[in-house]
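Residue numbers (the working numbering): 11 to 463.
#1: Could you check which residue in 407, 79, 99 and 161 has the C-alpha nearest to that of residue 60?
#2: So who's on the other strand from residue 103, going by DSSP bridges?
#3: What first and last residue would you give for the beta strand (DSSP E) that runs through residue 190?
#4: Could you give the DSSP three-state label for residue 464: helix, strand or coil?
#5: To the nearest whole angstrom, what separates the beta carbons of residue 289 and residue 384, a pair I think is in contact under 8 Å?
#6: Alpha carbon to alpha carbon, how far is residue 276 from residue 284?
#7: Going by DSSP, name the residue or residues bridged to residue 245.
#8: Give the range of the beta strand (DSSP E) segment to which residue 376 is assigned.
#9: To the nearest angstrom, report how far apart residue 216 and residue 176 are at their CA atoms.
#10: Unbroken alpha helix (DSSP H) runs of length 4 or more, entirely within the region 36-72: which are they?
#11: Would the region 383-401 and the region 248-256 be scored as touching if the rule is three or more Cβ pairs under 8 Å?
#12: Can you have a look at residue 309 and say buried or exposed, based on whether 16 or more other CB atoms are within 10 angstroms of its CB?
#13: Return the CA-CA distance between residue 328 and residue 335, expressed in angstroms with no decimal places.
#14: Per DSSP, which one or two residues make a beta bridge with residue 132?
#15: Can you tell me whether residue 308 is helix, strand or coil according to DSSP?
#16: What number of angstroms, rounded off, separates the C-alpha of residue 433 from the C-alpha of residue 317?
#17: Once DSSP output is grouped into helix, strand and coil, what is the label at residue 151?
#18: Please name the residue or residues paired with residue 372 in a DSSP beta bridge.
#19: With DSSP collapsed to three states, give me the class of residue 261.
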């Protein structure tokens with residue numbers, strides 16, 4: 011099987027030598043045999059052969075230019091045939107190891123990459139998006155992933171339905187996300203899908219968890235160009251996606267920014283500290299406060315009652331999506347179930363969540379209901395992060411206030427108890443798109459024919 015080539019970036023440590031010394035072929039610096047372009051031509055060496063022998067790409071390009079114009083000034087240009095384990099244009103670099111470059115990269119991936127901390131990541135800057143307090147920013151994989159990540163209007167989900175309803179040419183294969191690829195690429199390399207959602211490789215398409223974790227450990231093109239359409243997944247910024255915690259800690263970095271005092275300066279420092287100690291399962295896991303400040307639960311509880319407002323939101327920005335928020339009140343009789351202070355109210359946009367019964371509790375124009383009304387005790391007992399539990403619950407809400415009276419012909423399948431409409435290509439494709447999964451349980455019989463008609 012032929013595996014695709016990919017570029018693996020690495021850093022070069024500066025050394026104490028000049029390029030003038032290298033150009034003069036000083037043997038104590040250059041670890042290779044110099045061969046002129048003219049000699050290479052006489053031996054009928056092609057640029058392809060240079061490329062396959064790991065010559066630097068700029069040397070390969072210069073040699074090809076020489077072959078196309080043999081009387082050019084490139085006649086005396088030099089190619090250095092490097093001795094193992096040296097590489098580079100002048101054979102001036104080495105990893106101080108007998109391992110090949112491929113073995114070196116693989117060793118790094120297996121031993122280090124999974125624990126490599128997430129920094130700022132790559133930010134998609136071509137879309138107006140408030141992703142939250144810095145250093146939070148929009149990852150391109152969060153665009154059209156079925157959940158709103160931009161707090162200032164949901165631009166990351168705008169126009170996505172048009173892509174989903176896209177049709178491909180006869181000689182193309184249609185990926186589940188609406189992109190088109192040549193049919194020749196369909197089902198050709200199971201480990202190297204061409205569709206960003208893996209849907210061209212049947213061994214991967216039906217299993218949304220398959221091979222996802224490998225992106226935590228491997229530098230791979232398929233990870234850099236990988237996205238998921240399942241709304242329940244969080245992008246880890248490296249091609250991996252999860253319903254729990256990212257190995258590179260991206261989800262914790264986003265949460266840390268959201269819960270930081272700089273993002274919640276509407277509260278006093280004492281009130282904020284008490285909330286971090288009482289409401290976060292592991293007070294020191296995000297490095298927000300000193301663990302010792304949270305050692306005495308009763309001191310934190312007293313600080314909460316003395317320094318916090320009567321009714322307030324925490325965090326100040328939505329906890330999930332762009333409208334679901336937590337509200338606290340110190341007048342409640344605080345119930346410390348599961349060893350943490352739960353929000354007294356969960357508030358949301360009722361227009362987006364019409365499946366939830368109406369309630370009369372309004373806080374700052376948001377519809378709110380007590381946390382106990384959501385019946386999430388079993389999920390909390392499992393030890394799952396509260397943020398993930400709330401996200402799963404409210405994913406049933408729509409991403410737009412537009413209500414379809416009737417699904418359009420391009421998306422004739424309506425999800426049960428929802429205004430969400432799907433194209434037929436997303437029905438019975440192995441991946442649930444409806445929140446109740448009814449797009450994958452409908453009988454493959456006359457029902458589909460009736461919908462199509």
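The C-beta atom is built at its ideal place from N, Cα and C for all residues, glycine as well.
In terms of the structure at hand:
#1: By one-based count along the chain shown, residue 60 stands at place 50. Comparing Cα positions, the closest option is 99.
#2: Here residue 103 corresponds to residue number 93 of the chain shown, with the count starting at 1. Looking at the DSSP assignment, residue 103 forms a beta bridge with 97.
#3: Within the chain shown, residue 190 is the residue found at index 180, counting from 1. That run of the beta strand (DSSP E) goes 190-192.
#4: Residue numbering for the chain in the displayed model covers 11 to 463; residue 464 lies beyond these limits and cannot be assessed.
#5: Counting from 1 along the chain shown, the entry for residue 289 is found at position 279. Counting from 1 along the chain shown, the entry for residue 384 is found at position 374. About 16 Å; that fails the 8 Å criterion.
#6: Here the question's residue 276 lines up with position 266 in the chain shown. Here the question's residue 284 lines up with position 274 in the chain shown. Taking the straight line from one Cα to the other gives about 14 Å.
#7: As a position in the chain shown, residue 245 is number 235, starting the count at 1. 251.
#8: Your numbering for residue 376 matches position 366 in the chain shown. Residue 376 -> beta strand (DSSP E) spans 376-380.
#9: On the chain shown, position 206 is the one that residue 216 refers to. On the chain shown, position 166 is the one that residue 176 refers to. Any reading at residue 216 is ruled out, since the residue's pLDDT is 46, under 50, leaving its predicted position unreliable.
#10: 47-52 and 57-62
#11: yes
#12: Residue numbering aside, residue 309 sits at position 299 when the chain shown is read from its first letter. Looking at its Cβ environment, which holds fewer than 16 other Cβ atoms inside 10 Å, residue 309 is exposed.
#13: The sequence position of residue 328 within the chain shown is 318, counting from 1. The sequence position of residue 335 within the chain shown is 325, counting from 1. So the alpha carbons of these two residues sit roughly 5 Å apart.
#14: For the purposes of this step, residue 132 is taken as the residue at position 122 of the chain shown. Beta-bridge pairing links residue 132 to no other residue.
#15: As a working mapping, residue 308 is identified with position 298 in the chain shown. It is helical.
#16: Your numbering for residue 433 matches position 423 in the chain shown. Your numbering for residue 317 matches position 307 in the chain shown. About 53 Å.
#17: Residue 151 sits at position 141 when you count from the first residue of the chain shown. In the structure shown, residue 151 sits in a helix (DSSP, three-state: H, G or I).
#18: Counting from 1 along the chain shown, the entry for residue 372 is found at position 362. In DSSP, residue 372 forms a bridge with 377.
#19: The residue labelled residue 261 in the question sits at position 251 within the chain shown. The answer is helix: DSSP assigns residue 261 an H, G or I state.
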